[in-house]
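Here is the structure we will look at.
Protein chains in written order, with the working numbering: chain A, 24 to 214; chain B, 1425 to 1635; chain C, 31 to 330.
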């Protein structure tokens, strides 16, 4: 009961249009993308070489943060079991706007290697708004960097609005999520 | 079967360390002699290498398991596995038990008919970690174990409602398409066809070991 | 009057920019040591702007809101109290007798406010990190206070401006040369102040994910980043004034603070992290003994 006052019972709302400093804000957001350090699937093994000297993602400003409160991007790296999907949705909703989703691998596109499994989802964008798909099984670190470059370009052009789409079409996403997740016992966060 | 044996293990391994055939005959015969005296339904299946495979009747499971655990070197239960023979309508439950002194594995299996309401006694009093294996079989195959305290809790699949997913007659592909949808434009590439195109011809009847 | 306000404002803004630039330089230097390319030196500016424009939807209580303010206030307080440039063209914001003690108080107060705010966030990781950080802080504050005592007794003043004036006249007059043990103790105590690597117990990314700023995001974090930058610059200028002769012009200031800043960066690059009991044991013994030796030498 005492936890109830921490959660917000209103439905989410879009922020007002940002007029002042919009260009500076978009450039700054593109140059400093912080990723939630959450390896959801087998693609997380391709994220580790990005820290090393060979592929160095820090030169793009990308850093890994341990908490979703401080992150901009969540990387869905591969297949998603239904159990993981529930937790990923919770992590995504805890992130602060504006936020982006990068989906790695063919399992997020059409089910990939696990297209006939009883426990993994087949299409990720029924449940989360995806900004960039990176194809491969798993994509190599160079491909992931290319995906981030595409994301940065679309942020600067003002086209990476997945999070707004999520807020506007929340009923659609929620109905899809409730179809596959039998017991939805998570609080609604105010994001 | 390409585990390297030293001479102290069997006394009969060849120089390459490969061990096919029935080199374990001495140990197998010793064990079988002891078991055949005490229990009625032991039969042996021939499997090459350092594996002894025994078929028993389901009613003698607990006495045989107890004897193996406490009076022989076979003390470590590694896995309980289940095979769904859909054509004969039986489940075959196999217990994999390991002997660290002789480095041999024992497969203890029995068959039970699916339709009858047989409940298998749980081996938790003998091996306490069997609880996990039995819960897995309960969730994936629907096999009931008598005496497992956490049997009805979900194991890996949270809130799963539906038939046990590892049964042969459960069509996972249809289930997945119906529940999670199918992306239009998706196609599968059969690698055998692909390799066949490159190699020229692919003969499935050729075996790998060349015998 | 207007000129002093303008100078103070310019000090704050330029201090912030310099601090962010130094942060970028340290990331670049660390990356080059690792053999990587590293982010551009303006990376911390991008981080600050990005965090400022993020939406803030977290609420935990009054102390949670105030804590970044405490840290910023502590940093600004130290920045205003130390003389920046003392020479033909001086930039000195506030100076009075005894301001060295006030500076030490502000440094402690900034970190304490941060600790209280992190405790209010209710996250167990934050609370754990705060207790570890305060344990470490009590040990290095001990030796730092003894060094302050050495300077007070030796130079008979607690005014930083007077301490700088006493060091004029060449390198031989610097406190580095006159009180070498005290300088060594203060340099060792400088490492945990900058959260450099053997003593980076508070923000320990592999042990307690991120420590006190765990629940802070978006605008709070931008405030904390700004506070950290300003605090860093203020500590650098303070140490430069206390031990290395102060700055007589801007070029001198920039060169000395840059070299002083690179010292914890280089130490960070080669050391792993201490455990808490190792760090406490080290900081209770080594700098305290050095400062004690100097104190005895000064008193007799």
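Just so it is clear, CB atoms sit at the ideal spot from N, CA and C, and this is done for glycine as well.
Since the structure is predicted, the reported quantities are computational estimates derived from the model, not experimental observations.
Rounded to whole angstroms, how far is the Cβ of residue i from the Cβ of residue j, which I believe are closer than 8 Å?
i, j, result
"residue 174 of chain C", "residue 219 of chain C", "5 Å"
"residue 24 of chain C", "residue 261 of chain C", "The structure shown does not extend to residue 24 of chain C, since chain C is modelled only from 31 to 330, so the question has no answer here."
"residue 109 of chain C", "residue 45 of chain C", "5 Å"
"residue 1533 of chain B", "residue 1569 of chain B", "Their Cβ separation, rounded to whole angstroms, is 16 Å, which puts residue 1533 of chain B and residue 1569 of chain B out of contact at 8 Å."
"residue 306 of chain C", "residue 165 of chain C", "6 Å"
"residue 1506 of chain B", "residue 1561 of chain B", "5 Å"
"residue 255 of chain C", "residue 77 of chain C", "6 Å"
"residue 190 of chain C", "residue 129 of chain C", "6 Å"
"residue 94 of chain A", "residue 79 of chain C", "Not quite, the Cβ-Cβ distance comes to about 17 Å (not below 8 Å), so this is no contact."
"residue 180 of chain C", "residue 325 of chain C", "5 Å"
"residue 125 of chain A", "residue 174 of chain A", "6 Å"
"residue 48 of chain A", "residue 83 of chain C", "4 Å"
"residue 242 of chain C", "residue 170 of chain C", "Residue 242 of chain C to residue 170 of chain C, Cβ: 17 Å. No contact."
"residue 277 of chain C", "residue 116 of chain C", "7 Å"
"residue 88 of chain C", "residue 257 of chain C", "The pair is not a contact, with the Cβ atoms about 18 Å apart (cut-off 8 Å)."
Establish whether the CB of residue i and some CB of chain A are separated by less than 8 Å.
i, result
"residue 1496 of chain B", "no"
"residue 136 of chain C", "no"
"residue 1610 of chain B", "yes"
"residue 67 of chain C", "yes"
"residue 208 of chain C", "no"
"residue 94 of chain C", "no"
"residue 97 of chain C", "no"
"residue 220 of chain C", "no"
Is there at least one Cβ from chain B nearer than 8 Å to residue i's Cβ?
i, result
"residue 162 of chain A", "no"
"residue 149 of chain A", "yes"
"residue 197 of chain A", "no"
"residue 122 of chain A", "no"
"residue 152 of chain A", "no"
"residue 141 of chain A", "yes"
"residue 110 of chain A", "no"
"residue 203 of chain A", "yes"
"residue 145 of chain A", "yes"
"residue 178 of chain A", "no"
"residue 192 of chain A", "no"
"residue 138 of chain A", "yes"
"residue 132 of chain A", "yes"
For residue i, would you say it is in contact with chain C, using Cβ-to-Cβ distances shorter than 8 Å as the test?
i, result
"residue 24 of chain A", "Because residue 24 of chain A carries a pLDDT of 39, less than 50, the predicted location of this residue cannot be relied on, and the following value inherits that uncertainty. False, the Cβ-Cβ gap to chain C never drops below 8 Å."
"residue 113 of chain A", "no"
"residue 166 of chain A", "no"
"residue 51 of chain A", "yes"
"residue 47 of chain A", "yes"
"residue 206 of chain A", "no"
"residue 187 of chain A", "no"
"residue 27 of chain A", "The predicted model places residue 27 of chain A with a pLDDT of 47, which falls under 50 and marks its position as unreliable; any figure quoted below should be read in that light. Chain C contact via Cβ: absent."
"residue 200 of chain A", "no"
From the options, pick the residue whose C-alpha is nearest to that of residue i; which is it?
i, options, result
"residue 126 of chain C", "C/300, C/193, C/308, C/318", "C/193"
"residue 1555 of chain B", "B/1501, B/1461, B/1593", "B/1501"
"residue 87 of chain A", "A/77, A/72, A/182", "A/72"
"residue 1524 of chain B", "B/1474, B/1454, B/1563", "B/1474"
"residue 232 of chain C", "C/78, C/158, C/38, C/73", "C/158"
"residue 1605 of chain B", "A/134, A/169, A/162", "A/134"
"residue 1481 of chain B", "B/1490, B/1493, B/1463, B/1583", "B/1463"
"residue 155 of chain C", "A/89, A/204, A/147, A/148", "A/89"
"residue 1548 of chain B", "B/1510, B/1587, B/1489, B/1456", "B/1489"
"residue 1539 of chain B", "B/1615, B/1566, B/1483, B/1497", "B/1566"
"residue 275 of chain C", "C/266, C/197, C/259, C/229", "C/197"
"residue 85 of chain C", "A/194, A/37, A/127, A/167", "A/37"
For chain E, is any of its Cβ atoms less than 8 Å away from the one on residue i?
i, result
"residue 54 of chain A", "Among the chains of the structure shown, chain E does not appear; the protein chains present are A, B and C."
*Does the stretch 52-72 of chain C come within contact of the stretch 85-102 of chain C, defined as at least 3 CB pairs closer than 8 Å?*
Contact annotation: the stretch 52-72 of chain C does not touch the stretch 85-102 of chain C, with fewer than three C-beta pairs closer than 8 Å.
_Within 7 Å of chain C by C-beta, residues of the stretch 76-104 of chain A in sequence order_ = Of all residues in the stretch 76-104 of chain A, 76, 79, 81, 82, 84, 89, 90, 92, 93 have a Cβ within less than 7 Å of some Cβ in chain C.
*What residues in the stretch 245-271 of chain C have a beta carbon less than 9 Å from any beta carbon of chain A?*
Result list: 245, 246, 247, 248, 251.
*Taking a Cβ distance cut-off of 7 Å, strictly less, list which residues of the stretch 1579-1608 of chain B are near chain A, in chain order.*
Per Cβ criterion, the list reads 1581, 1582, 1583, 1585, 1589, 1596, 1597, 1599, 1600, 1603, 1604, 1605, 1606, 1607.
*Please confirm if the stretch 181-193 of chain A is in contact with the stretch 120-131 of chain A, defined as three or more CB-CB distances below 8 Å between the two stretches.*
The stretch 181-193 of chain A is in contact with the stretch 120-131 of chain A.
*asked:* Quick check: the stretch 187-198 of chain A against the stretch 101-109 of chain A, are at least 3 beta-carbon pairs closer than 8 Å?
replied: Taking a cut-off of 8 Å for Cβ pairs, the stretch 101-109 of chain A and the stretch 187-198 of chain A do not touch, as fewer than three such pairs fall below it.
*Is the stretch 1594-1603 of chain B touching the stretch 128-139 of chain A in the sense that three or more CB pairs, one from each, lie closer than 8 Å?*
Three or more beta-carbon pairs separated by less than 8 Å link the stretch 128-139 of chain A to the stretch 1594-1603 of chain B, which places the two stretches in contact.
*Does the pairing of the stretch 147-154 of chain C with the stretch 307-322 of chain C give three or more beta-carbon distances under 8 Å?*
No, the stretch 147-154 of chain C is not in contact with the stretch 307-322 of chain C.
_Sufficient close CB pairs (3 or more, under 8 Å) joining the stretch 1475-1489 of chain B to the stretch 1528-1544 of chain B_ = Three or more pairs of CB atoms, one per stretch, sit closer than 8 Å, so the stretch 1475-1489 of chain B contacts the stretch 1528-1544 of chain B.
*Taking any Cβ of chain A, which residues in the stretch 40-69 of chain C have a Cβ under 9 Å from it, in chain order?*
Within the stretch 40-69 of chain C, the residues whose Cβ lies closer than 9 Å to some Cβ of chain A are 57, 61, 64, 65, 66, 67, 68, 69, listed in chain order.
*Would you be able to state if there are at least three C-beta pairs under 8 Å between the stretch 1609-1625 of chain B and the stretch 146-161 of chain A?*
These segments do not touch.
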